[in-house]
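In the order they appear, the protein sequences are chains W and D. Under full-length UniProt numbering, the first sequence has 139 at position 139, and the numbering climbs by one with no breaks. Under full-length UniProt numbering, the second sequence has 106 at position 106, and the numbering climbs by one with no breaks.
There are 2 protein chains.
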Amino acid sequence: MDRKQEIITAATRSFSLFGYKATTMDQIAKIANVGKGTIYTFFENKEVLFQEIVLRMIAEMKQEATNVIKEDRTFQENAHLALMKMLEFRETHQLFAKIVDEEKDLRTPTVQQVLKQVEYAIVSFVKVKIDKYIEKGEIRQVNSELVAYLLLKAYLAFVNDWNITHDQSLSEEEISHIIQDTIFRSLLI
Amino acid sequence: MDRKQEIITAATRSFSLFGYKATTMDQIAKIANVGKGTIYTFFENKEVLFQEIVLRMIAEMKQEATNVIKEDRTFQENAHLALMKMLEFRETHQLFAKIVDEEKDLRTPTVQQVLKQVEYAIVSFVKVKIDKYIEKGEIRQVNSELVAYLLLKAYLAFVNDWNITHDQSLSEEEISHIIQDTIFRSLLI
DNA sequence: TTTGTGACCAAAATGTCCAAATGGTCATTT
DNA sequence: AAATGACCATTTGGACATTTTGGTCACAAA
Numbered sequence: 001m002d003r004k005q006e007i008i009t010a011a012t013r014s015f016s017l018f019g020y021k022a023t024t025m026d027q028i029a030k031i032a033n034v035g036k037g038t039i040y041t042f043f044e045n046k047e048v049l050f051q052e053i054v055l056r057m058i059a060e061m062k063q064e065a066t067n068v069i070k071e072d073r074t075f076q077e078n079a080h081l082a083l084m085k086m087l088e089f090r091e092t093h094q095l096f097a098k099i100v101d102e103e104k105d106l107r108t109p110t111v112q113q114v115l116k117q118v119e120y121a122i123v124s125f126v127k128v129k130i131d132k133y134i135e136k137g138e139i140r141q142v143n144s145e146l147v148a149y150l151l152l153k154a155y156l157a158f159v160n161d162w163n164i165t166h167d168q169s170l171s172e173e174e175i176s177h178i179i180q181d182t183i184f185r186s187l188l189i
Numbered sequence: 001m002d003r004k005q006e007i008i009t010a011a012t013r014s015f016s017l018f019g020y021k022a023t024t025m026d027q028i029a030k031i032a033n034v035g036k037g038t039i040y041t042f043f044e045n046k047e048v049l050f051q052e053i054v055l056r057m058i059a060e061m062k063q064e065a066t067n068v069i070k071e072d073r074t075f076q077e078n079a080h081l082a083l084m085k086m087l088e089f090r091e092t093h094q095l096f097a098k099i100v101d102e103e104k105d106l107r108t109p110t111v112q113q114v115l116k117q118v119e120y121a122i123v124s125f126v127k128v129k130i131d132k133y134i135e136k137g138e139i140r141q142v143n144s145e146l147v148a149y150l151l152l153k154a155y156l157a158f159v160n161d162w163n164i165t166h167d168q169s170l171s172e173e174e175i176s177h178i179i180q181d182t183i184f185r186s187l188l189i
């Protein structure tokens, strides 16, 4: 089978299971049934491999979100469906937050660069969707970049931060409802 | 002068200057011109002393936020002013700034716990205000705790986080405007 | 010739001491 | 009765030894 794909699969499993630091290149090579050197023929180093995997996950989520959106539905319906779809990845998002937090002291510019990139990818994606509905006249003319940024931060707050200070995490329905009730509602004409 | 007050003053200065971990009980005793044992006749231990001091800061924060609120203003205006005032504490109060820094790169458990208390205090404060305006009939019947939480996180995102990924920070007017446009708007009857 | 590999290396992480520092106590002083 | 600081048990941090790990490359396999 394709060696690169084997490596990506193994690395994804390992990073998801043990986090970034606790995953070793030897481990990935072993799981992928590949020599360690082989990994380095496809990926420059561990950081780049991780980055590649994160980028793929984002691409997958973008795809899923896109699939769920139907042109003939209202903004509210599509926004709700897209949000619920994203909440299906909730555990992945929580894990990612954990890894980022775990690596907080590793304030290397490279790590920061990746985070910036991830944030930009998500915000851009959401911004485009918002702009489309503004053009359609379904929602008000707002600063779509700021709204996209707020949506991301609000989502992360309810999915990740809430658990830090509360021992019962919010259900998907509660998260969807509160965002629906505040941000989405504000955007309607 | 009152020995307890001397201790509190000395401890506040020391915590503000050096943070929690780097402040020693000997140091506090020396600054307060008091025997170390005396501290323990007023405060059970270092942690309790620290909490007492942060509690005083929280009380001050609440007071300042309360002072900013005027009954004849709209909910949006009051909420904005109060939240901005509380977030400003990071710049105006050395103790708060020091604590935030220490939580970020030392991860001191006591400091983490105390910061949770600060967050809880702010959210509770905002929640009470929301409830009052719900009763007044100015805003819709929403889950006030979740809305308060969202408001705090939204302001934190725009006031603090935005600068991390963008080199131009947002003006107070821009922040006020975007929150009005995305959250406050949905709350109005 | 091209692709894959694992022994090898420098660097980073982890473990091990041990002396210095620190939180907390309590017999003694005021 | 209130205050104190010498004292103690525990923790911390620094120096050093040991292990682990990311990354390389000479060599093997295809």
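C-beta: ideal position from N, C-alpha, C; glycine also.
Amino acids of chain D, ordered along the chain, whose beta-carbon sits closer than 9 Å to that of residue i
| i | result |
| --- | --- |
| A157(W) | Y149, L150, L152, K153, A154, L156, A157 |
| S186(W) | Q180, D181, T182, I183, F184, R185, S186, L187 |
Test item: CB-CB of residue i and residue j under 9 Å
| i | j | result |
| --- | --- | --- |
| K129(D) | F75(D) | yes |
| K127(D) | D161(W) | no |
| A82(D) | V68(D) | yes |
| T38(D) | I7(D) | yes |
| A97(D) | L49(D) | no |
| residue 191(D) | T110(D) | Limits of chain D in this structure are 1 at one end and 189 at the other, which puts residue 191(D) out of reach. |
| E102(W) | L146(D) | no |
| F125(D) | A65(D) | yes |
| V114(D) | I99(D) | yes |
| R104(W) | K132(D) | Checking the displayed sequence, the identity of residue 104(W) turns out to be Lys instead of Arg. Contact: no. |
| R185(D) | R73(W) | no |
Whole-angstrom C-beta distance between residue j and residue i, which should lie under 8 Å
| i | j | result |
| --- | --- | --- |
| L150(D) | T182(W) | 6 Å |
| residue 195(W) | R140(W) | Outside the modelled stretch of chain W, which goes from 1 to 189, sits residue 195(W), for which no answer is possible. |
| I31(D) | M86(D) | Not a contact, Cβ separation roughly 29 Å. |
| K46(W) | M25(W) | 6 Å |
| Q94(D) | S16(D) | 4 Å |
| E172(D) | M61(D) | About 19 Å; that fails the 8 Å criterion. |
| E143(W) | I178(D) | The amino acid occupying residue 143(W) in the given sequence is Asn; Glu does not appear at that position. Confirmed, about 6 Å. |
Buried/exposed call for residue i, threshold 16 Cβ in 10 Å
| i | result |
| --- | --- |
| V54(W) | buried |
| H80(D) | buried |
| residue 273(D) | The question about residue 273(D) has no answer here: the residues shown for chain D are numbered 1 through 189. |
| F18(W) | exposed |
| Q168(D) | exposed |
| Q51(W) | buried |
| I28(W) | buried |
| N78(W) | buried |
Neighbour list for residue i in chain D, Cβ cutoff strictly below 7 Å
| i | result |
| --- | --- |
| E119(W) | T165 |
| K116(W) | T165 |
Residue i: CB within 8 Å of a non-hydrogen atom of the ligand MG
| i | result |
| --- | --- |
| E77(D) | Among the components modelled here there is no ligand, and therefore nothing to report on the ligand MG. |
Per-residue contacts from residue i into chain W (C-beta, under 8 Å)
| i | result |
| --- | --- |
| D161(D) | K153 |
Within chain W, the residues that residue i reaches when beta carbons sit closer than 7 Å
| i | result |
| --- | --- |
| N143(D) | I178 |
| L146(D) | I178 |
Note down, one range per segment and in chain order, each alpha helix (DSSP H) of at least 4 residues found wholly within the region 15-79 of chain D. 25-31, 36-42, 46-68
Start-end ranges of the alpha helix (DSSP H) lying completely within the region 128-182 of chain D, minimum 4 residues: 144-156, 162-165, 172-179
Give the list of continuous alpha helix (DSSP H) stretches no shorter than 4 residues that lie fully inside the region 75-104 of chain D. 75-92
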